[in-house]
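Asks:
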Amino acid sequence: MSAIKPKHQRLVLLVVALAVLIGAGLLAAYALSTQASYFYVPSDLVAKPPEQGRAVRLGGMVERGSIKTMPDGVTINFMVGDGKARVPVRFRGITPELFVEGSGVVAEGRMEGPTFVADNLLAKHDEKYVPREMKDMSKAQAKAVIAETK
Amino acid sequence: MIAEIGLAVLWMAAALAALQLIAGIIALRPKGAQLGTLVRPVAVMQGVLVALAFAALVTLFLTTDLSVKLVADNSHSAKPFIFKLAGTWGNHEGSMLMWVTIMAVAGGIVALVEKRLREDTLIATLAGQAFVSLGFYAFLLLASNPFERLPEPAPEGAGLNPLLQDVGLAFHPPTLYVGYVGLSIAFSFAVGALVTRDVGPAFARAMRPWVLGAWIFLTLGITAGSYWAYYTLGWGGWWFWDPVENASLMPWLAATALLHSCSVLASRNALRAWTVMLGVVAFSMSMVGTFLVRSGILTSVHAFAVDPERGSFILALLAIYIGGALTLFGLRASTVTEGARFSFVSREAALVFNNVMLCGILGIVLLGTLYPLLTEAMGVKVSVGPPYFNPVSAIFAIPMMLVMAVGPLLRWRQDKAGRITWPVAIPALISAAVLLGIVLLAPRVSLLSALGLAIAPGLALASMMPLRGRKLRRTPLATWGMVVAHVGIAVALFGMASESAFSTEKLAAMNPGDSQQVGPWRVTLQGIAPVAGQNWTALDATVAASYDGGEPTMLHPQARTFANPPGNRTESALKTRWNGQLYTVLGEEGEDGRWQMRFWWKPFVPMIWYGGALIALGGLLALLGRVSSEVRRLVATGKIAYRRERQGR
Chain Z
138 MSAIKPKHQR LVLLVVALAV LIGAGLLAAY ALSTQASYFY VPSDLVAKPP EQGRAVRLGG
198 MVERGSIKTM PDGVTINFMV GDGKARVPVR FRGITPELFV EGSGVVAEGR MEGPTFVADN
258 LLAKHDEKYV PREMKDMSKA QAKAVIAETK
Chain V
-19 MIAEIGLAVL WMAAALAALQ LIAGIIALRP KGAQLGTLVR PVAVMQGVLV ALAFAALVTL
41 FLTTDLSVKL VADNSHSAKP FIFKLAGTWG NHEGSMLMWV TIMAVAGGIV ALVEKRLRED
101 TLIATLAGQA FVSLGFYAFL LLASNPFERL PEPAPEGAGL NPLLQDVGLA FHPPTLYVGY
161 VGLSIAFSFA VGALVTRDVG PAFARAMRPW VLGAWIFLTL GITAGSYWAY YTLGWGGWWF
221 WDPVENASLM PWLAATALLH SCSVLASRNA LRAWTVMLGV VAFSMSMVGT FLVRSGILTS
281 VHAFAVDPER GSFILALLAI YIGGALTLFG LRASTVTEGA RFSFVSREAA LVFNNVMLCG
341 ILGIVLLGTL YPLLTEAMGV KVSVGPPYFN PVSAIFAIPM MLVMAVGPLL RWRQDKAGRI
401 TWPVAIPALI SAAVLLGIVL LAPRVSLLSA LGLAIAPGLA LASMMPLRGR KLRRTPLATW
461 GMVVAHVGIA VALFGMASES AFSTEKLAAM NPGDSQQVGP WRVTLQGIAP VAGQNWTALD
521 ATVAASYDGG EPTMLHPQAR TFANPPGNRT ESALKTRWNG QLYTVLGEEG EDGRWQMRFW
581 WKPFVPMIWY GGALIALGGL LALLGRVSSE VRRLVATGKI AYRRERQGR
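One line per chain: the protein sequences are Z and V, in this order.
Here the working numbering is used: the first residue of the first sequence is 138, the next is one more, and so on.
Here the working numbering is used: the first residue of the second sequence is -19, the next is one more, and so on.
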């Protein structure tokens, strides 16, 4: 193929680059709309459950007395609630250190039947580093508590 | 006293940056040329002063001066020396001081050594560098003063987050920062060349070592960060598409594109506007990364300070610099004449193709990283993870790697595809055979992993083809650099694909004496005992692991508890073999007295980081090649000048 005129060459490069970038943008937009994982609190999850198997995140409080370890010693079942609704969660793995009953948790995983199967649990790491959703959640909860006690 | 000196020196450096900017602007006017002689010495002086301020802060941390707020908040007298040192930059203020230090020192070095560029372009570059530095000086001095004193000295420091108490911290942030900030030099060169309408090969040659240097450090920083996350988090993963990781990947992608287009401009005088644009984009990505990490918009171990004021400050800087540079580009782009032409089958065309693919990946990572912020503004919380990033970036990465195998074999300007049939066909056949083998023997391997495993050996072989028919000892270092870096990509790709295709995991609750089979390994928990370190205590598991019935090796995964500040961290234990890594983690003790243990066998996983190291080594070879030829050229021109002078007499 022969070399093309410089002026045209620049135009061709510009058009190709723009086309690829716009393509990347459209592809990203499509993939984001189908692959982004939404954040649910238990009452939303119960009211409007996500598709089975779709990656989502669930945030709430670990109900007191609900953590049960299965005989294999590494699978746990527990309930996550937000005061209005509760969802059973199953997790197989080593729990984060600050994962305790009565404290907040964000679970990454998916719905399988009525159970939320978590691949990963994010607990409040320490006083300084709190998962973002959990921080907002505790603010909302604090408000709810204040409203109740008034 | 040291804190006050540090602060005073920092203010003086800021004043010099202002002088450097003003003198630079005046010098570029028709009547102000004599002020131009001021710019270089001022830039050098500014670098020296900031280095002093940084040294002052390091001294405060090493002596644990608890009357300084930053030290009291982040250090502790009982911390090991290396973490006292690393604590200097393990916090917001200290890391920003490190940022301006690197920026000013790099500017000083440019002022000292750069002799090839037109003087007015150099002055415009240094003025641009001063302009960028000024914003960060303002940020440091007005919103994050590292030398602030406490009214009363604290009795003891608050300590450093246990996750950050790792040797990795001593090297990971400085490495990445040198990379980020090195790109500011490329940015300033681009701005300088636009201002004086001097975009050409000389500009590219001046910029190239800086881009290469920054890119080497970014590569090392990302590789080290990935390994650090892999072994300290105890999750067995090496890349999480965490926004903070993406923040370092985006400048790397832009710098990789810039590096290649810079070569085309330097040696072929083509892609002028494109190179300038990438120079602007690369540093913009560094600043976007800093904004994401430092603003507290994201919560992670990297978000030291969640302070909306600081976030808005960095956002304002971002808007000024990126907006300003893009406006300048828009105004001047039409004056940048297009350089040499090339045909569709040529090395330039392959480089352009991969530049565009890199920009595509960059766009995809950027959109995926910002998307949660955008939706959150509309009240919807989402997170974006591997199901988005892996396949979508692969759509661009796979064609890129195919072209990467062919590109270096093509001639500049114009070539015939038929000339390189054989050097391309052999690697292609190897890749096809591997792919076929995987499909037949391991049909459960995912498509992306299979493609990765198949492309890697072909790419490695094709990458070595440019050496064919050459005398190896006379091959230029820059060519060696390219070959080594491209082979590094293939090696890392193989490690990534193998990790995702062949990892086996075992999670079990075990009593001492129990055994488990993990891939070819037999692991036995022998016992759990308490141990103590300098500032931590731990439960220490003794695990005997034997590979394929061989002699057992002892591994000691730990669960560590830190006192200052209180916190826990799992310390995984790894056993590396030539063909992979065994990864062991100690979990909690169950109610029945059994211990949770987690094991992974990850075939060839270390190749990910060996590949990263090779990529950086390739960059280093290329840099050495460029610098040594530059030195030889200087010596040669010096000799000629000397002879002429003697003959003249």
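For every residue, glycine included, the Cβ atom is placed at its ideal position computed from N, Cα and C.
Because the structure is a prediction, the values reported are computed rather than measured.
Using a Cβ-based criterion (distance less than 7 Å to any ligand heavy atom), does Ala413(V) qualify as near the ligand MN?
Replies: With respect to small molecules bound, the structure shown includes none, and the ligand MN cannot be examined in it.
Asks: Leaving out five residues before and five after Arg20(V) in sequence, what residues of the same chain have Cβ atoms less than 6 Å from its Cβ?
Replies: Hits under 6 Å: Ala91.
Asks: Spell out a yes or no on whether the stretch 535 to 544 of chain V and the stretch 582 to 589 of chain V are touching, meaning 3 or more CB-CB pairs, one atom from each, closer than 8 Å.
Replies: no
Asks: Quick one: does Arg227(Z) have its CB under 8 Å from some CB of chain V?
Replies: no
Asks: In chain Z, which residues lie with their C-beta within 8 Å of the C-beta of Ala635(V)?
Replies: The question about residue 635(V) has no answer here: the residues shown for chain V are numbered -19 through 629.
Asks: For the stretch 177 to 195 of chain Z and the stretch 375 to 386 of chain V, state whether three or more C-beta atom pairs, one from each stretch, are separated by less than 8 Å.
Replies: No: the two stretches stay apart, fewer than three of their Cβ pairs being nearer than 8 Å.
Asks: Along the beta strand (DSSP E) that carries Asp45(V), what are the first and last residues, could you check?
Replies: Note, Asp45(V): premise wrong, no beta strand (DSSP E); not H, not E.
Asks: Closer than 8 Å, CB to CB, is Arg147(Z) near chain V or not?
Replies: yes
Asks: Would Asn71(V) pass as an interface residue toward chain Z - the criterion being a Cβ-Cβ separation below 8 Å?
Replies: So, not an interface residue.
Asks: Tell me which residue opens and which closes the beta strand (DSSP E) that Phe324(V) is part of.
Replies: From DSSP, Phe324(V) is part of no beta strand (DSSP E); its letter is neither H nor E.
Asks: Let me make sure I understand the geometry here. Which of Arg188(V), Leu106(V), Val48(V) and Ser113(V) has the alpha-carbon closest to that of Pro631(V)?
Replies: Residue 631(V) lies beyond the residue range present for chain V, which begins at -19 and ends at 629; the question has no answer from this structure.
Asks: In chain order, what residues of the stretch 159 to 176 of chain Z put their CB closer than 7 Å to some CB of chain V?
Replies: Cβ proximity to chain V below 7 Å picks out Ala161, Gly162, Leu164, Ala165, Ala168, Leu169, Gln172, Ala173, Ser174, Tyr175 and Phe176 from the stretch 159 to 176 of chain Z.
Asks: List the residues of chain Z that Cys242(V) touches, going by C-beta distances under 7 Å, in chain order.
Replies: Under the 7 Å cutoff, chain Z gives no residues; its nearest Cβ is about 16 Å from Cys242(V).
Asks: With DSSP run on the structure shown, which of helix, strand or coil describes His262(Z)?
Replies: Reliability fails at His262(Z), whose pLDDT of 49 lies under 50, so the model's placement of it is uncertain and the value that follows must be treated cautiously. In the structure shown, His262(Z) sits in coil (DSSP, three-state: anything other than H, G, I, E or B).
Asks: Per the DSSP calculation, Gly547(V) is bridged to which residue(s)?
Replies: Phe542(V)
Asks: In angstroms, rounded to a whole number, what distance separates the CA positions of Ile202(V) and Val471(V)?
Replies: 16 Å
Asks: Start and end of the beta strand (DSSP E) containing Gly241(Z)?
Replies: Gly241 to Glu249
Asks: Check each candidate in Pro500(V), Ile82(V) and Trp392(V) and name the one with the smallest Cα separation from Leu562(V).
Replies: Pro500(V)
Asks: Go through its chain and collect everything with a Cβ distance to Arg201(Z)'s Cβ below 7 Å, but skip five positions before and after it.
Replies: Glu238 and Gly239
Asks: Report the partner residues of Leu566(V) according to the DSSP bridge assignment.
Replies: Met577(V)
Asks: Chain V partners of Ala154(Z), CB-CB under 9 Å?
Replies: Trp254, Val332, Asn335, Val336 and Cys339
Asks: Please report the straight-line C-alpha distance between Thr307(V) and Val175(V), rounded to a whole angstrom.
Replies: 12 Å
Asks: Near Phe284(V), which residues of its chain fall below 7 Å by C-beta distance, leaving aside the five closest residues on each side in sequence?
Replies: Residue placement at Phe284(V) cannot be trusted, given a pLDDT of 43 that sits under 50; the coordinates are not used to answer.
Asks: Starting from Leu487(V) and walking both ways along the beta strand (DSSP E), at which residues does that stretch end?
Replies: Thr484 to Met490
Asks: Give the straight-line distance between the Cα atoms of Arg393(V) and Met444(V), rounded to the nearest whole angstrom.
Replies: Straight-line Cα distance between these residues: approximately 22 Å.
Asks: Report buried or exposed for Glu625(V), applying the criterion of at least 16 other Cβ atoms within 10 angstroms of its Cβ.
Replies: Per the 10 Å Cβ criterion, exposed.
Asks: So with CB distances below 7 Å, who are the chain V contacts of Ala244(Z)?
Replies: Going along chain V, no residue has its Cβ under 7 Å from Ala244(Z), so there is no contact; the nearest lies around 12 Å.
Asks: Quick test of your reading: Trp232(V) and Thr199(V), contact by CB under 8 Å. State the CB separation rounded to the nearest angstrom.
Replies: 7 Å
Asks: Spell out the partners DSSP gives Thr617(V) in its beta bridges.
Replies: According to DSSP, which records beta bridges pairwise, Thr617(V) is partnered with nothing at all.
Asks: With the cut-off set at 8 Å, would you say Phe376(V) and Ala436(V) are in Cβ contact?
Replies: no
Asks: Mark Arg454(V) as exposed unless 16 or more other C-beta atoms lie within 10 angstroms of its C-beta, in which case mark it buried.
Replies: exposed
Asks: Looking at C-alpha atoms only, which residue of Asn226(V), Asn370(V), Pro446(V) and Gly137(V) is the closest neighbour of Ser426(V)?
Replies: That would be Asn370(V), whose Cα lies nearest to the Cα of Ser426(V).
Asks: Tell me where the alpha helix (DSSP H) around Gln109(V) begins and ends.
Replies: Glu99 to Ala118
Asks: Which residues in the same chain as Ala284(Z) place their Cβ atom closer than 7 Å to its Cβ, once the five residues preceding and following it in sequence are excluded?
Replies: Annotation note: pLDDT 49 at Ala284(Z) (below 50); position unreliable, coordinate value reported separately. Nothing listed; no residue qualifies.
Asks: Classify Leu121(V) as helix, strand or coil using the three-state DSSP reduction.
Replies: In the three-state reduction of the DSSP assignment, Leu121(V) falls in the helix class.
Asks: Among residues of its own chain, excluding the 5 on either side of Tyr266(Z), which ones have a beta-carbon nearer than 6 Å to its beta-carbon?
Replies: Per-residue confidence for Tyr266(Z) stands at a pLDDT of 44, beneath the threshold of 50, marking its modelled position as unreliable; the derived number appears in the next sentence. Cβ neighbours of Tyr266(Z) beyond the five flanking positions: none.
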